[in-house]
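Have a look at the structure below, then the notes.
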Amino acid sequence: MKKTVLTAVLGLMTMAACAQVNQIVGDWKTVDDKTGEKKSVVHIFKATDGLYYGKIIDLLKGPKDCVCIACEGADNGKPIIGLQIIRGMKEENGELVGGHVLDPESGKMYYAKLYLKDGKLVLRGSLDKKGMLGRNQIWVR
8 MKKTVLTAVL GLMTMAACAQ VNQIVGDWKT VDDKTGEKKS VVHIFKATDG
58 LYYGKIIDLL KGPKDCVCIA CEGADNGKPI IGLQIIRGMK EENGELVGGH
108 VLDPESGKMY YAKLYLKDGK LVLRGSLDKK GMLGRNQIWV R
């Protein structure tokens, strides 16, 4: 009896965590930390490799033909629209962790964590894997 109850509880917890990640998938408007203005739309998706990624699909202010001049390597000179800024995230306890986020304005790559809070998406970008040295950005649907 105890084994059956434990199995049922674990199953429900797993389903709840998957449901949380399914709510993260989709389109989100990025919001400027300083001005509160909506800047772009990012589409978050699960790829065939089982990891989660996000790319900019629209710019809400400024010209639409911008390129990433601050980016390094293969991303240098790529159009901002279509640029993959969230990379290699995996689901863990209802959150997306273990990947990176690219800041197209600075060209810098940060460790990333994504989770839902009060119906909004919280992106934690940090210099360290544990997320101690970083900041949050709130995105809206």
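Numbering (the numbering used here), first residue to last: 8 to 148. Cβ coordinates follow ideal geometry from the N, Cα and C atoms, glycine included.
Annotation for D40: Q144 place their beta carbon closer than 7 Å to its own, counting only its chain and skipping 5 residues before and after. R94 is bridged by DSSP to H107. Excluding its 5 nearest sequence neighbours in each direction, G95 has C-beta neighbours in its own chain below 6 Å: L58 and G106, listed in chain order. Distances from the alpha-carbon of K36 to those of G84, S133 and K127 put K127 closest. Rounded to whole angstroms, the Cβ separation of I93 and Y60 is 6 Å, and the two are in contact under 8 Å. Cβ-Cβ separation between L140 and L130: approximately 15 Å, too far for a contact (criterion under 8 Å). Excluding five sequence positions before and after E102, the CB atoms of its chain that fall closer than 7 Å to its own CB belong to K120, L121 and Y122, given in chain order. With fewer than 16 neighbouring CB atoms inside 10 Å of its own CB, S113 falls in the exposed class.
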